[in-house]
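Residue numbers (the working numbering), protein chains in the order written: chain A, -18 to 233; chain B, -18 to 233.
Only one structure is covered here, and it is reproduced in the block below.
Number of protein chains: 2
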Amino acid sequence: MKKDRIEEIAELLDKRGKLTLNQLDTYFPDVSQMTLRRDLLQLEQAGRIIRVRGGAMSVKEVQKVSSEPYAKKTAMHTDEKIRIAQKAASLIEENCSLFIDGGTTAMCLAKELPDINIHVFTNGLAVAIELAQKKNLNVTMLGGQVMKENLSTASPVAKSYFENTNFELAIISASAFTPENGFSCGSMVEADLLKMTRQKAKAMYMMLDSSKIGKIMPHTFARLEDIDVLITDDEFPADLKEEFLKRDIVVM
Amino acid sequence: MKKDRIEEIAELLDKRGKLTLNQLDTYFPDVSQMTLRRDLLQLEQAGRIIRVRGGAMSVKEVQKVSSEPYAKKTAMHTDEKIRIAQKAASLIEENCSLFIDGGTTAMCLAKELPDINIHVFTNGLAVAIELAQKKNLNVTMLGGQVMKENLSTASPVAKSYFENTNFELAIISASAFTPENGFSCGSMVEADLLKMTRQKAKAMYMMLDSSKIGKIMPHTFARLEDIDVLITDDEFPADLKEEFLKRDIVVM
DNA sequence: CTTTTCCATGTAAGATATTAACACAGATGT
DNA sequence: ACATCTGTGTTAATATCTTACATGGAAAAG
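Rendered as structure tokens:
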């Protein structure tokens, strides 16, 4: 039957990542290449695979491809970010309600989050889309003017949102940190939003990869003592770590 | 220089999603196809693009496609949608302020919109991201709970947004239409939002591809006489067209 | 200042993959 | 039993891709 075969092809491709027509042909010796081609065409139109010269590849495979070698050029320090995100994700429990910002570290976190029953608020467009893939997870997007650099929203209006929303936990990342200037970012409205987040949330976890240390951005939104947990990588300077521990902030 | 060209190709692909070699050739008339091929090969090895028969596509584009439930809709009736979107885009003038919904037709419109100084409000995540690519255009995302089926937001809270915002024009699309039941969609909160949009906007343009005609969805958000312009395709039934014209609605 | 080497590029032939066009058989509905 | 449709196969025509080799100019070596 046609449907079954198409389904089987899709599964094969998901497993193998990529297949040539000849490989497919050996899997399905009882139909012609032309038929397989037509099947692939259908799968492509359904958005499930990408046809490439010689065969096809699964969309999932493409996503893998995109995350690894590409990462190094576009977004730097991705490996650290992923590890930080994994640590952060491990802290999240079912049935909680949390805020995640819209930065790239937050995006990594979104990918690492388990598909369990939690409610997530975010101001990141890409983060929201990523989270929308998860069936058990509930996402609320904060509205506002879209900042093109980082695909996040922020606007004074966004504040009105917070009036009726509650979350226990805010997990955010900063663009820059120094002990003197605290955690800072480049946009005032964003800083505003994050400050408000701090007030709303019972606890605040900060994701900070060590490349951000020593940098200063125009708008500080939290000081060292405002956070409850600092999630960072192994390069994090020991003396700085002391500063956090002194204030009873968990560093991991 | 080679590097620059490769970079340029990558950017082009990110914007256009997909390009054939011939298209690339017209963009870079001073190098041979073979060179462009080699460039694409390099980009592929860097994981930034996927080479497909005839050309290449950006990894980002693929990731969009992979938003699966969304992808299925995206794939359907695309040609009509693009043509409708082009018509709609041609109606938009500089310095105006408009609302676009989050549906797939709206997504096509987002792609067709010229990069001029306009302000767009939307409740579609993908639409917002698409529009954020344009430098001169201003985007505001409406917040709310994210509906996973169509990557749009809608929630009673969203209404509060509208209190301080103004736009002249709303260009929206319906999931279903019959003369008796008007324009309808599947979600109550979404219908609510669109009704409110109607009140806020001076004019409402409706994009409706003919495949939607005769279908009924649970929640009507506008009746035939509520709209000012109907943008549709060539398959639109003549008798129905009469109904609109009778009410002084422009049909195009 | 020359010579060498290397790299980006161009050309064209040959290999490969894809589409298009037509044909056929079995299923489905009238 | 007839028409129709859908899935399939076959082949030729077309389009695309790769390979191999040639060229020219810039950087490196002499």
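All C-beta atoms in this analysis are idealised placements derived from N, C-alpha and C, irrespective of residue type, glycine included.
With a threshold of 8 Å between beta carbons, G124(A) makes contact with chain B. Residue-level contact check: R32(A) touches chain B, since one or more beta carbons of chain B fall below 8 Å from its beta carbon. For A182(B), not one C-beta of chain A is nearer than 8 Å to its own C-beta. G35(B) is bridged by DSSP to nothing; it lacks a bridge partner. Closer than 8 Å to the CB of T121(B) there is at least one CB belonging to chain A. The criterion of a C-beta distance shorter than 8 Å is satisfied by L(-6)(A) and M38(A). Contact with chain A is found for A107(B), since one of that chain's Cβ atoms lies less than 8 Å from the residue's Cβ. The three-state secondary structure of S78(B), taken from DSSP, is strand. The beta carbon of T134(B) falls within 8 Å of a beta carbon belonging to chain A, placing the residue at that interface.
The beta carbon of F217(B) sits closer than 6 Å to those of S191, all from its chain and outside the five residues before and after it, given in chain order.
If only complete runs of 4 or more residues are kept, the segment 131 to 208 of chain A shows the alpha helix (DSSP H) at 139 to 143 and 169 to 181, in order along the chain. Inclusion of H100(B) and N119(B) in the CB contact set at 8 Å is warranted, their separation being smaller than that value.
For the pair N104(A) and L112(A), the Cα-to-Cα distance works out to about 12 Å. Per DSSP, reduced to three states, the secondary structure at V101(B) is strand. In this structure, the alpha-carbon of I208(A) lies about 34 Å from that of F102(B). Contact note: V127(B) reaches chain A through A109, A113, V120, T121 and M122, using a C-beta cutoff of 7 Å and chain order.
At a cut-off of 8 Å, the C-beta of Y142(B) has a neighbouring C-beta in chain A. Pairing M188(A) with A69(A) gives a Cβ-Cβ distance under 8 Å. Judged by pairs of C-beta atoms under 8 Å, the segment 148 to 159 of chain A touches the segment 169 to 183 of chain A, as three or more such pairs exist. When the five nearest sequence neighbours on each side are left out, the beta carbons in the same chain lying within less than 6 Å of the beta carbon of F225(A) are those of L211 and V232, in order along the chain.
A157(A) places its beta carbon less than 8 Å from that of K196(A). A residue is called buried when at least 16 other Cβ atoms come within 10 angstroms of its Cβ; R228(B) does not meet this threshold and is exposed. The beta carbons of K62(B) and C89(B) sit about 5 Å from each other, so the pair counts as a contact at 8 Å. Selection P95(A), N98(A) and A66(A) evaluated against A87(A) yields A66(A) as nearest (Cα-Cα). Per the C-alpha coordinates, the member of R29(A), Y186(A), M185(A) and T201(A) positioned closest to F164(A) is T201(A).
Between the C-alpha atoms of F80(B) and A184(B) there is a straight-line separation of about 10 Å. Secondary structure at L0(B): strand, using DSSP grouped into helix, strand and coil.
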